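**Q** Take a look at the following structure, please.
In UniProt numbering, the protein residues as written are 1 to 425.
Set out below in structure tokens:
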């Protein structure tokens, strides 16, 4: 390792994205700042018998455009997105310069893929096979392999030449935010000089739609107007919209980034992970652990609430989550909460689940860099209980000195991150 772990500063030097509104960072950011939605008909399965027919779907994606000549076996949909976003981030950071040995590079990813899904589904498939064998799809080695989280992490590590610390984080919607936060810790502690961190997910299958429908978590409104379905903080919000994609960032020790002339997009200065210990599917109405996560991340950063200009909110478009987050923001910022610009890009992308925190972080980085805050679209009817500034419908050009990023998950796992414009030595 280079340098000392004590007081190590962590910066973002690479960005990559595959989202429902664009297959790279530039097209994603252009769409988000223009208020364009990527929520459309869900073409990943036949939705005829379902009440929900829409999702935030990635279109026009070809892995060969990002990882030419890939020959390492079958990939799940989300794994392909993860490989593409990783390739983009590694290229953006210029990691091919060979400055860091592989042992100084680590990887941390949040995702929902893994054996547990197959374990749980196995009993159902067995029962169906006994009753209707002709209707059960064959599970083979390739099917198992393409969903194995460890294999996917290995592929990403190989692509980024990472032989240092590795983490696969499975904390649902806060997974990628936790991955980035823990990657930050590893660099601060001197365990790595570079961490490739983020998340990838695609919960758009019939099983996902069925499960979240049974939980009354996703909306069945505006099925004939998909772009209007996701409406965080609006009075008519009735549930989130499932989505898919991947966002990956390269984190790096500041000294090595400066030494090799890497692009420095922003500096990560605070992180907190908390638990609500409330209910599995409901957000605590008093803010709960969400309040603590934000307060602790800001405290670690050395900043105050007055230094934060933008909150990249979790903002799912569910009645409970949006109220909880608003209450928590007010508790943390006090009277200053009404000054903040708060927006949810889920209004345009749908919910990228495990990748959603990394998408929020990407938006915060770009807001700091470009002095533009993406809007929350579909703000048609104000909710009297939600009276903060949610950047309604139109992007806002304004300086952003520092930003707070939130990711709050089913099960009550929370993550908040603070970043600021980088001040180099």
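Using N, Cα and C, we set each Cβ at its ideal position, and we do this for glycine too.
Given the structure is predicted, the values throughout are model-derived calculations rather than measurements.
By DSSP, does residue 115 sit in helix, in strand, or in coil?
**A** To locate residue 115, count along the chain shown from 1; it is residue 115. Note that residue 115 has pLDDT 41, beneath the 50 cutoff, so the model's placement of it is unreliable and the number below is only indicative. It is helical.
**Q** Per DSSP, what kind of secondary structure is residue 37 in: helix, strand or coil?
**A** The sequence position of residue 37 within the chain shown is 37, counting from 1. Three-state result, residue 37: coil.
**Q** How is residue 15 classed by DSSP in three states: helix, strand or coil?
**A** The residue you call residue 15 lines up with position 15 of the chain shown. If DSSP states are grouped into helix, strand and coil, residue 15 belongs with the strands.
**Q** Okay, do the region 93-110 and the region 244-256 touch, 3+ Cβ pairs below 8 Å being the bar?
**A** Flag = yes, the region 93-110 and the region 244-256 touch.
**Q** Identify which residue in 45, 67 and 56 has its Cα closest to the Cα of residue 37.
**A** Here residue 37 refers to the residue found at position 37 when the chain shown is read from its first residue. Residue 37 has its Cα closest to that of 56, out of 45, 67 and 56.
**Q** What's the gap between the Cα of residue 77 and the Cα of residue 180?
**A** Residue numbering aside, residue 77 sits at position 77 when the chain shown is read from its first letter. Residue numbering aside, residue 180 sits at position 180 when the chain shown is read from its first letter. C-alpha separation (whole angstroms): 22 Å.
**Q** With H, G and I counted as helix, E and B as strand and the rest as coil, what does DSSP make of residue 66?
**A** Locating residue 66 in the chain shown gives position 66, counting from the first residue. It is coil, neither helix nor strand.
**Q** Please determine, among 312, 268 and 45, the residue with the shortest C-alpha to C-alpha distance to residue 405.
**A** What you label residue 405 is simply residue 405 of the chain shown in a count that begins at 1. With distances taken between Cα atoms, residue 405 lies closest to 312.
**Q** For residue 199 versus residue 273, is the C-beta distance shorter than 8 Å?
**A** Locating residue 199 in the chain shown gives position 199, where the first residue counts as 1. Locating residue 273 in the chain shown gives position 273, where the first residue counts as 1. In this structure, residue 273 does not lie closer than 8 Å to residue 199 by Cβ.
**Q** When you compare only the Cα positions, how much space is there between residue 300 and residue 174?
**A** Translated into positions along the chain shown, residue 300 becomes position 300. Translated into positions along the chain shown, residue 174 becomes position 174. Each residue's alpha carbon lies about 19 Å from the other.
**Q** List the DSSP bridge partners of residue 382.
**A** As a position in the chain shown, residue 382 is number 382, starting the count at 1. 234, per the DSSP bridge assignment.
**Q** For residue 7 and residue 188, I'd like the C-alpha separation in whole angstroms.
**A** Counted from its first residue, the chain shown places residue 7 at position 7. Counted from its first residue, the chain shown places residue 188 at position 188. Computed Cα separation, rounded: 7 Å.
**Q** Can you tell me the Cα-Cα spacing of residue 114 and residue 214, whole angstroms?
**A** Numbered from 1 along the chain shown, position 114 holds the residue referred to as residue 114. Numbered from 1 along the chain shown, position 214 holds the residue referred to as residue 214. Annotation note: pLDDT 47 at residue 114 (below 50); position unreliable, no value reported.
**Q** For residue 196 versus residue 248, is the C-beta distance shorter than 8 Å?
**A** Stepping through the chain shown from its first residue, residue 196 is reached at position 196. Stepping through the chain shown from its first residue, residue 248 is reached at position 248. The answer is yes: Cβ separation under 8 Å.
**Q** So residue 22 packs on residue 13, CB below 8 Å; how close in whole Å?
**A** Numbered from its first residue, the chain shown carries residue 22 at position 22. Numbered from its first residue, the chain shown carries residue 13 at position 13. No, residue 22 and residue 13 are not in contact; Cβ-Cβ is about 21 Å, not under 8 Å.
**Q** To the nearest angstrom, how far is it from the Cα of residue 230 to the Cα of residue 377?
**A** The sequence position of residue 230 within the chain shown is 230, counting from 1. The sequence position of residue 377 within the chain shown is 377, counting from 1. If I take the Cα positions, the gap works out to 8 Å.
**Q** Below 6 Å CB to CB, which residues in the same chain sit around residue 224 once its five sequence neighbours on both sides are set aside?
**A** Stepping through the chain shown from its first residue, residue 224 is reached at position 224. Cβ neighbours of residue 224 beyond the five flanking positions: none.
**Q** If I follow the unbroken beta strand (DSSP E) through residue 420, where does it start and stop?
**A** Working through the chain shown from its first residue, we reach residue 420 at position 420. That run of the beta strand (DSSP E) goes 413-420.
**Q** Determine the DSSP secondary structure at residue 141, reduced to helix, strand or coil.
**A** Position 141 of the chain shown holds residue 141. Low local confidence applies: a pLDDT of 49 at residue 141 is under 50, so the model's placement there is unreliable, and no value is given.
**Q** Counting along the chain, where does the alpha helix (DSSP H) carrying residue 81 start and finish?
**A** For the purposes of this step, residue 81 is taken as residue 81 along the chain shown, with counting starting at 1. 77-93 is the span of the alpha helix (DSSP H), which, as asked, contains residue 81.
**Q** Under the three-state reduction of DSSP, which class applies to residue 136: helix, strand or coil?
**A** Here residue 136 corresponds to residue number 136 of the chain shown, with the count starting at 1. Residue placement at residue 136 is poorly supported in this model, since its pLDDT is 49, which falls under 50; the coordinates are not used for a value here.
**Q** Hey, could you find the ends of the beta strand (DSSP E) residue 252 is sitting in?
**A** For the purposes of this step, residue 252 is identified with residue 252 of the chain shown, where counting begins at 1. Per DSSP, residue 252 belongs to the beta strand (DSSP E) from 244-253.
**Q** Using only CA atoms, which one of 291, 82, 391 and 67 lies nearest to residue 344?
**A** Locating residue 344 in the chain shown gives position 344, where the first residue counts as 1. When each option's Cα is compared against that of residue 344, the closest is 391.
**Q** From the DSSP output, which residues share a beta bridge with residue 473?
**A** As displayed, the chain neither begins before 1 nor continues past 425, which places residue 473 out of reach and without an answer.
**Q** Report the three-state DSSP secondary structure of residue 403 (helix, strand or coil).
**A** In the chain shown, counting from the first residue as 1, residue 403 sits at position 403. In this structure, residue 403 counts as strand in the three-state DSSP scheme.
**Q** For the putative contact between residue 408 and residue 314, defined by C-beta atoms under 8 Å, what is the C-beta separation to the nearest angstrom?
**A** Taking the first residue of the chain shown as 1, we reach residue 408 at position 408. Taking the first residue of the chain shown as 1, we reach residue 314 at position 314. Confirmed, Cβ separation roughly 5 Å.
**Q** In terms of residues, what are the limits of the alpha helix (DSSP H) holding residue 388?
**A** Taking the first residue of the chain shown as position 1, residue 388 is located at position 388. It is not in any alpha helix (DSSP H) - residue 388 carries neither H nor E in the DSSP assignment.
**Q** Bridge partners for residue 408 per DSSP, in chain order?
**A** Locating residue 408 in the chain shown gives position 408, counting from the first residue. In DSSP, residue 408 forms a bridge with 414.
**Q** Would you identify the three-state DSSP class for residue 264, choosing helix, strand or coil?
**A** Position 264 of the chain shown holds residue 264. Coil.
**Q** Assuming residue 226 and residue 40 form a contact by the criterion Cβ under 8 Å, report the distance between their Cβ atoms to the nearest whole angstrom.
**A** Within the chain shown, numbered from 1, the residue matching residue 226 stands at position 226. Within the chain shown, numbered from 1, the residue matching residue 40 stands at position 40. Confirmed, Cβ separation roughly 5 Å.
**Q** Does the Cβ of residue 153 have 16 or more other Cβ atoms within 10 Å, making it buried, or fewer, making it exposed?
**A** In the chain shown, counting from the first residue as 1, residue 153 sits at position 153. Residue 153 is buried by the Cβ-count criterion.
**Q** Give me the Cα-Cα distance between residue 51 and residue 349, rounded to the nearest whole angstrom.
**A** Position 51 of the chain shown, counted from the first residue, corresponds to residue 51. Position 349 of the chain shown, counted from the first residue, corresponds to residue 349. Taking the straight line from one Cα to the other gives about 20 Å.
**Q** Take residue 319 and list the residues in its own chain whose beta-carbon comes closer than 8 Å to its own, dropping the five residues that flank it on each side.
**A** Along the chain shown, read from residue 1 onward, the residue named residue 319 stands at position 319. Excluding sequence neighbours, residue 319 sits near 237 and 238.
**Q** Between the C-alpha atoms of residue 336 and residue 150, what's the straight-line distance to the nearest angstrom?
**A** Position 336 of the chain shown, counting from 1, holds the residue named residue 336. Position 150 of the chain shown, counting from 1, holds the residue named residue 150. Cα-Cα distance, rounded: 44 Å.
**Q** Considering only DSSP beta bridges, list what residue 275 is partnered with.
**A** On the chain shown, residue 275 is found 275 positions in, with the first residue counted as 1. Looking at the DSSP assignment, residue 275 forms a beta bridge with 413.
**Q** I'd like to check one pair, residue 105 with residue 161: are the Cβ atoms closer than 8 Å?
**A** Mapped onto the chain shown, residue 161 falls at position 161. Mapped onto the chain shown, residue 105 falls at position 105. In this structure, residue 105 lies closer than 8 Å to residue 161 by Cβ.
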